[in-house]
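This report concerns only the one structure given below.
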Amino acid sequence: MKLIRLFTAGNVDDGKSTLIGRLLLDSGAVSTDIIQGLTKVNELGMENPEIDLAFLTDGLRAERELGITIDVAYKFFSTQKNKYIIADTPGHFEYTRNMFTGASRCDVAIILVDVTIGITEQTKRHSLIVSLLGIKHVIFAINKMDLKQYDKFVFEAIKTDLVELCKPLEIDAPTVLPMSALKGDNVVEKSPFLSWFNGPTLFDYLENSIHHNEHENKLLRFQVQYLIHADDTIGYAGRIEHGVFHVGQEVLVGSTGELKCIQNIVHNTQSVSFAAEGMCVSFYFDNQTELKRGDILSAVAFAPTVGNRFTTTICWMSDRYSDLKTEYLLQLGAISVGAKMIAVQQKLLENNNSSENLSLNDIARVVIETETKIVFDRYEDAKASGSFILIDPSDYATLAAGIIC
Amino acid sequence: MNYLDFLESEAIFSLREVAAQFKRPVLLFSGGKDSICMVHLCKKAFYPAKFPFPLMHIDTGHNFPETLEFRDDLVKELKESLIVRLVEDTMIQKGIKDVEGKFPSRNALQSLTLLDAIKEFKFDACIGGARRDEEKSRAKERMFSLRDKIGKWDPANQRPEVWNIVNAHLNEDENMRVFPLSNWTELDVWAYIQREKIALPSLYFSHERACIETSDGHLMNVNEFVSLSPADKILTEKVRYRTIGDMTCTAAVRSTATSVEEIIDELKRTKISERGATRIDDRISDAGMEDRKREGYF
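Keeping their order, the protein sequence lines are chains S and X.
First residue of the first sequence? That's 493 in the numbering used here, and the numbers climb one at a time after it.
First residue of the second sequence? That's 662 in the numbering used here, and the numbers climb one at a time after it.
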């Protein structure tokens, strides 16, 4: 059984929460008492006595009262083939940072488009974020087809616009599906109203067309997360981010340039001869080895960059403005270092703010300089060592998330 | 990578992150299947060393005897240290009257004992076995969930949790709650128990028990804390527990499942959610859990 992590994005009221509710309900993932709970809430406050599918994921009181999604909700369901983790992310512009949070851990994006409205600013914004995050599988769900009498030509027109939108964003071959989440058309079940559509239902697509290309990457990456001291040995614990490491292999320690030979690999409680991407392991070296948390190990070929300056695309996540004076804390995996933003090169998306400072939900290309040299990668080469957050040193709020270009 | 391997790896990653980034973490242990899985994961995360944090049980005084026995045996076998703090002590210190009613649940009082213990030991991170599939406000919580200096969760203002970067910095008196099993479902936990052959308290398996049936169909164990009325009919039923909470608020389910395999089979067929089937204290309001978490509950 494989794991598929997906999220829904799109404008407010495009029906994201309803779509997830529909997926859960029609695939049989919702328990009877929970369905009863949804009707109970409605009897108290809502005019519509039908089950409100969005209430399945809108878990906070304020969300149910306002009828909107504020923060990411995680839902789960399984089929014979796959286990799904679904992140229902907010559509409001104000909550873009929460959308980014949900999206950063996913491999499939479903961007909803209201067929009665077509492409909006949020469609563009979310498509840009999906493209920045390098999410491989992008599905556009053209929702509310029932309100346009399931019209093929309206669908085709939006599809054409979407393909155009995707070209400069390097989203290849997006999947575009017509549906009505509210009525249940083409989500899990095929619909007689969409008989002109030859493609799959959303559910069929998820079940059969998502393939993880593990090990497609030639890189070898491991970051030391924690040191396990026992008796006279030190295990360098961490997760393998890319590639396959094996006993006897020479690895390069990014920060010092030293070469070290892996003498033992422990996975769980056993020694193994090799370990691959995604596994949490500990490496053992000879007694002269002294590594620290944050050290990045790689092969000699395709080694990461060592430096104190890089260009990055960042999403500003705080209501405070950025400036070029503050020394922020930059955290890249387990590495923590002081850093300044030394130039804002270009704003890719902005929020009524044309100054040099970034404000909430701005996405911009900036240059960052760190206090000391660090080891990093380009995000497109290695996600874990190519992404970071900026922290406010005065109260430790997370201010921004960045992708190294 | 198989999905269980992924979930295991994700949980171990979080546990190691706690050990690396916090000074005084603690593993909250209730004796239920989720916290037993947590212990199993800690063994893997820190092998061959001992756990870099103690276990702590907030004991309401209403635990099933089987749970406490299992807890003590497990700790002895692990040779790890266990802190026990009693809700009763908190009640005495703070002059709080004991809860009343037919099923007097001290569940909400646990938060006070927990917050006191956090202060006493200066814990900066509390690791728990809560899962997002349990309840809809849990579904919104981060894996590393910040609590303010009075223990409050502010759901509208959570720290963004991007990729696997954990911003573990705390201001004075703030505290982190860490939920490594966030992405596990009830069935995932059972599949893991099956795969890893993890031992569990006998309460999880079918046994005969004297129960009364509440008006909404919950089977409650007959014990010294539950006040019986003449109208109560005592039934002897074949039951098991889907969750292990207090004897005063946890219901049994009718079941003949005596093995992990049979339990998994049973769960695949059931139409009732885990908390719906077993917790009589969650139904009080639609936002019951959210409110308790705002007060410092785990």
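Here a beta-carbon is modelled for each residue, glycine too, at the ideal position from N, C-alpha and C.
Since we're looking at a predicted model, the values are computed, not measured.
Can you find a CB in chain X that lies within less than 8 Å of the CB of R589(S)? yes
* Could you give the distance in angstroms between the alpha-carbon of M538(S) and the alpha-carbon of R514(S)? -> With a pLDDT of 45 at M538(S), under the threshold of 50, the modelled position of this residue cannot be trusted, and the question is left open.
Between which two residues does the beta strand (DSSP E) harbouring H738(S) extend? V736 to H738
Subject >> Start-to-end residues for the alpha helix (DSSP H) that takes in E923(X) >> reply: For E923(X), the enclosing alpha helix (DSSP H) has its first and last residue at V921 to R930.
Pairs of beta-carbons, one from the segment 714-724 of chain S and one from the segment 824-832 of chain S, closer than 8 Å: are there three or more?
In short, these stretches touch, since the Cβ pair count reaches three.
Next item on the list: Would you mind telling me which residues of chain S sit closer than 7 Å to F840(X), beta carbon to beta carbon, in chain order?
Entry: The contacting residues do not exist; F840(X) stays about 11 Å from chain S at best.
Notebook entry, point to check: If you check the beta carbons only, do E819(S) and V836(S) fall under 8 Å apart?
Noted result: It is not a contact, given that the beta carbons lie outside the stated cut-off.
>> Runs of 3 residues minimum, wholly inside the segment 562-618 of chain S: which ones carry the beta strand (DSSP E) assignment?
In response: The DSSP assignment places complete beta strand (DSSP E) segments of no fewer than 3 residues inside the segment 562-618 of chain S at 565-570, 574-580 and 600-606, in order along the chain.
Do you know offhand how far P541(S)'s Cα is from N690(S)'s? Because the pLDDT of P541(S) is 41, which lies under 50, any placement of that residue in the model is unreliable, and the question is left without a value.
Contact between the segment 698-706 of chain X and the segment 801-812 of chain S (3+ Cβ pairs under 8 Å) = Verdict: no, contact absent.
Given that W851(X) touches chain S, what residues does it touch there, using C-beta distances under 8 Å?
Chain S residues near W851(X): none, gap ~12 Å exceeds 8 Å.
Using the beta-carbon count (16 or more within 10 Å), is W688(S) buried or exposed? exposed
Using a C-beta to C-beta distance shorter than 9 Å, which residues of chain S count as neighbours of M662(X)? K494, L495, H704, E706, A768, E769, G770 and M771
Candidates F737(S), H759(S), V758(S) and S683(S), of which the one nearest K752(S) by Cα | Per the Cα distances, F737(S).
Burial state of E951(X), where buried means 16 or more other Cβ atoms lie within 10 Å | It is buried - the Cβ of E951(X) has at least 16 other Cβ atoms within 10 Å.
Give the list of continuous beta strand (DSSP E) stretches no shorter than 3 residues that lie fully inside the segment 704-769 of chain X.
With a minimum length of 3 residues, the continuous beta strand (DSSP E) runs that stay inside the segment 704-769 of chain X are 716-720 and 743-747.
Which residues bound the beta strand (DSSP E) around N800(S)? T797 to W808
Compile a chain-ordered list of the residues in the segment 825-854 of chain S whose CB is closer than 8 Å to at least one CB of chain X. G825 and A826
Practice item. Would you kindly check if the distance between the Cβ of S672(S) and the Cβ of K636(S) is under 8 Å? Key: yes
Q: Count the other CB atoms, across all protein chains shown, that sit within 10 Å of the CB of M591(S); report buried if there are 16 or more and exposed otherwise.
A: buried
Among D873(S), M833(S) and E872(S), whose alpha-carbon lies nearest the alpha-carbon of I881(S)?
M833(S)
Specify the secondary structure class of I788(X) as computed by DSSP and reduced to three states.
strand
Original post:
Can you round the beta-carbon distance between D720(X) and V736(X) to whole angstroms, since I take them to be within the 8 Å contact cut?
Top reply: Not a contact, Cβ separation roughly 13 Å.
- Item | First and last residue of the uninterrupted beta strand (DSSP E) at V858(S) | Unbroken beta strand (DSSP E) run through V858(S): I855 to F868.
Which two residues bound the contiguous beta strand (DSSP E) that contains R497(S)?
K494 to G502
*In the DSSP assignment, find the unbroken beta strand (DSSP E) run with E742(S) in it and report its ends.*
E742 to V745
Next item on the list: Can you grab the Cα-Cα spacing for the pair P660(S) / L620(S), in whole Å?
Entry: 10 Å
Just to confirm the assignment, what range does the beta strand (DSSP E) spanning R890(S) have? In the sequence on display, residue 890(S) carries Thr and not Arg. Run containing T890(S): T890 to I896, per the beta strand (DSSP E) assignment.
May I have the straight-line CA-CA distance separating M493(S) from T571(S), to the nearest angstrom?
Cα-Cα distance, rounded: 9 Å.
When you check each C-beta in the segment 565-578 of chain S against every C-beta of chain X, which residues fall closer than 9 Å?
A565, Y566, K567, F568, F569, S570, N574, K575 and I577
Requested in this report: Anything in chain S within Cβ reach of R940(X), meaning under 7 Å, just list it in chain order.
Outcome: Residues of chain S with a Cβ closer than 7 Å to the Cβ of R940(X) do not exist; the shortest Cβ-Cβ separation is about 11 Å.
inquiry  = Just to confirm the assignment: which complete beta strand (DSSP E) runs, minimum length 3, are found wholly within the segment 857-907 of chain X?
reply    = 868-874, 880-882 and 896-901
- Task: Starting from the C-beta of L694(S), find all residues in its chain whose C-beta is less than 6 Å away, skip the five residues before and the five after it, and write them out in chain order.
- Result: L669 and V679
Practice problem: Kindly indicate if chain X contains any beta-carbon less than 8 Å away from that of D778(S). | Solution: The beta-carbon of D778(S) is placed no less than 8 Å from the nearest beta-carbon of chain X.
**Message:** For Y697(S), report the span of its alpha helix (DSSP H) as first-last.
**Reply:** L694 to S701
Legend entry - Own chain residues within Cβ distance below 8 Å of S670(X), not counting five before or after: M662
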